[in-house]
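Residue numbers (my numbering): 459 to 1029.
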């Protein structure tokens, strides 16, 4: 059988032939020529070359060869060509090029400050800004945000971004506020025929169908929002454009609801920006002026959210500042009072003691009448003082016999409360649990956990979810190693009663993990109870990333996007 003889390549600038060149000097020389001329040449294989370069950049981001040969200049020119020349962009498969070019810049600047410096001095910022504005579509916007975020990480490259800081910050604020609506309206809600083909291809790499495309679009939309906020955080941490962000109270209001969902749990998203803003005086005042932002922070501070400690820290910064303390002490104190007995959270040292100290910093002046607060606020301060200061002091003066007697009496009252509860006297059992908590010594944390959790169950049955959340939070704070699983489930139910789906979902998931761990130790097969599955399913629907997006709303679309929609059958 005769084998076919492969014809030699006749292209003067064939990237794949050059990559196979054994002479290193010749290979580098020809690669430099390719990068220098690629943007001015029309070649159907450009997209294949870019795809190959993207794979190399993703797998070898610290390799200096291509950056030293001019790849950053090349990618910049290709992006600008796509933005300025729509006919070229819609020719062959050139529509993919701006996406891959931006991704290549972002990958090479991800870990290496030297490459980030080389990139900014190769003029990559202006073309990335065109994509950041949305001059093509949200898909290219996502990789532009990613690349700019890497450049903002290092001082040497951030100094070049300062020249465009106003535009970058405004664009990122706009993206964070509107990207979910844009992705939903332009892609997620579309049927498989209406969706832009190249968007579908980039999302799934040709693997998966309609449902998988929607799942990936959700992930990318969340990344777009999270990464744009991360870029804002880079500016705020360097004390840049804080006024610009703080002057937009609508944006501040929205931040606490930007949490990344279950897709991007590791991103602090909105809470991260609120925390960074509160390092400055103007930032604290701006956040304190938003009731929605404060309420969001308060709810996160008492939840199983990954960023619970960050929310606590933000609230403490606000109420330590005398300029904002009396503006927000009510309602913050009613949330933080339940956390005064918490131990360490994610490396936070003696969090409960820190909270107590800040909440009571002016209690002496309140008692003397020099500072007047609301009656309820003063009552809560008094309660904290009695438990954290007076009761602790009194118990130090008590003998071991007296301490033990207090514990035994509290146990007896708890048992009486249990009997009343089983007999249907919920209010009577609640009174017994309350009296037992007053008597039970502080050192007996396990006993106090059960008492708080039992009383929370009474509040649930009495349709008082706020008190149930308060008691379950205290029980969870007193838990030593793992959070008290029953309290997590009860708090999840209480959050559900108040319509706080996100907090309910996080507690339900934590409950599964804690219960799973406990049952694994007992060597029993673990099954998620049906009632838990049902609640998680309900909250997943309520917290769906696009749940608050009005599918009938209209949004502005740049001319390029309109052209792409008109030509979608050709892509």
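The beta-carbon is built from N, C-alpha and C at its ideal position, and this holds for glycine as well. Remember, it's a predicted structure, so these values are computed and weren't measured experimentally.
For residue i, the three-state DSSP class (helix, strand or coil)
i            : result
residue 612  : coil
residue 537  : helix
residue 595  : coil
residue 493  : helix
residue 645  : helix
residue 906  : helix
residue 471  : coil
residue 921  : coil
residue 866  : helix
residue 716  : coil
residue 674  : helix
residue 1005 : coil
residue 666  : coil
residue 915  : helix
residue 525  : helix
residue 796  : helix
residue 543  : coil
residue 734  : helix
residue 760  : coil
residue 707  : helix
Range covered by the alpha helix (DSSP H) that runs through residue i
i           : result
residue 894 : 884-897
residue 953 : 943-955
residue 774 : 766-778
residue 565 : 555-566
residue 850 : 850-855
residue 657 : 655-662
residue 817 : 809-817
residue 996 : 988-1000
residue 519 : Careful: residue 519 lies outside any alpha helix (DSSP H) and carries neither H nor E.
residue 744 : 739-746
residue 622 : Careful: residue 622 lies outside any alpha helix (DSSP H) and carries neither H nor E.
residue 822 : 821-826
residue 575 : 571-578
residue 588 : 583-590
Beta carbon of residue i nearer than 8 Å to that of residue j
i            : j            : result
residue 935  : residue 810  : yes
residue 972  : residue 993  : no
residue 631  : residue 703  : yes
residue 1037 : residue 959  : The question about residue 1037 has no answer here: the residues shown for the chain are numbered 459 through 1029.
residue 541  : residue 594  : yes
residue 498  : residue 1004 : no
residue 777  : residue 735  : no
residue 588  : residue 629  : no
residue 753  : residue 773  : no
residue 493  : residue 537  : no
residue 896  : residue 933  : no
residue 637  : residue 558  : no
residue 770  : residue 759  : yes
residue 846  : residue 905  : no
residue 963  : residue 1001 : yes
Outcome for residue i when other beta-carbon atoms lying within 10 angstroms are tallied against a minimum of 16
i           : result
residue 481 : exposed
residue 954 : buried
residue 814 : buried
residue 816 : buried
residue 470 : exposed
residue 447 : This structure gives no information on residue 447, because the portion of the chain shown stretches from 459 to 1029.
residue 891 : buried
residue 500 : exposed
residue 693 : buried
residue 745 : buried
residue 786 : buried
residue 898 : buried
residue 725 : buried
residue 504 : buried
residue 474 : exposed
residue 672 : buried
residue 913 : buried
Chain C within 8 Å of residue i, Cβ atoms only
i           : result
residue 555 : In summary, chain C is missing from the structure at hand, where a single protein chain is found.
Residue i beta carbon near the ligand GTP (any heavy atom closer than 7 Å)
i           : result
residue 500 : Absence of the ligand GTP is noted for the structure shown, with no ligands found whatsoever.
> Touching or not, the stretch 644-658 and the stretch 703-713, by the rule of three or more beta carbon pairs under 8 Å?
Replying inline: Proximity of the stretch 644-658 to the stretch 703-713 falls short of the contact definition, fewer than three beta-carbon pairs being nearer than 8 Å.
> Do the stretch 520-539 and the stretch 569-579 meet, that is, are 3 or more Cβ pairs less than 8 Å apart?
Replying inline: yes
>> Tell me whether the stretch 919-932 and the stretch 729-736 touch, counting them as touching only if at least three CB pairs, one residue from each stretch, are closer than 8 Å.
In response: Result no; under three Cβ-Cβ pairs closer than 8 Å.
>> Within 8 Å, do at least three Cβ pairs link the stretch 597-604 to the stretch 542-550?
In response: no
> Is the stretch 987-1007 touching the stretch 942-956 in the sense that three or more CB pairs, one from each, lie closer than 8 Å?
Replying inline: yes
>> When you compare the stretch 582-589 with the stretch 529-548, are there three or more beta-carbon pairs, one atom per stretch, that lie closer than 8 Å?
In response: yes
>> I'd like to know if the stretch 632-645 and the stretch 680-696 are in contact, where contact means that at least 3 CB-CB pairs between them fall below 8 Å.
In response: yes
> Are the stretch 872-888 and the stretch 850-857 touching, with three or more C-beta to C-beta distances below 8 Å?
Replying inline: With a cut-off of 8 Å, the stretch 850-857 and the stretch 872-888 do not count as touching, because too few Cβ pairs lie within range.
> Counting Cβ pairs, one atom from each stretch, are 3 or more of them under 8 Å apart for the stretch 666-682 and the stretch 607-616?
Replying inline: no
>> For the stretch 824-832 against the stretch 864-877, do three or more pairs of beta-carbon atoms, one drawn from each stretch, fall closer than 8 Å, so that the two count as touching?
In response: no
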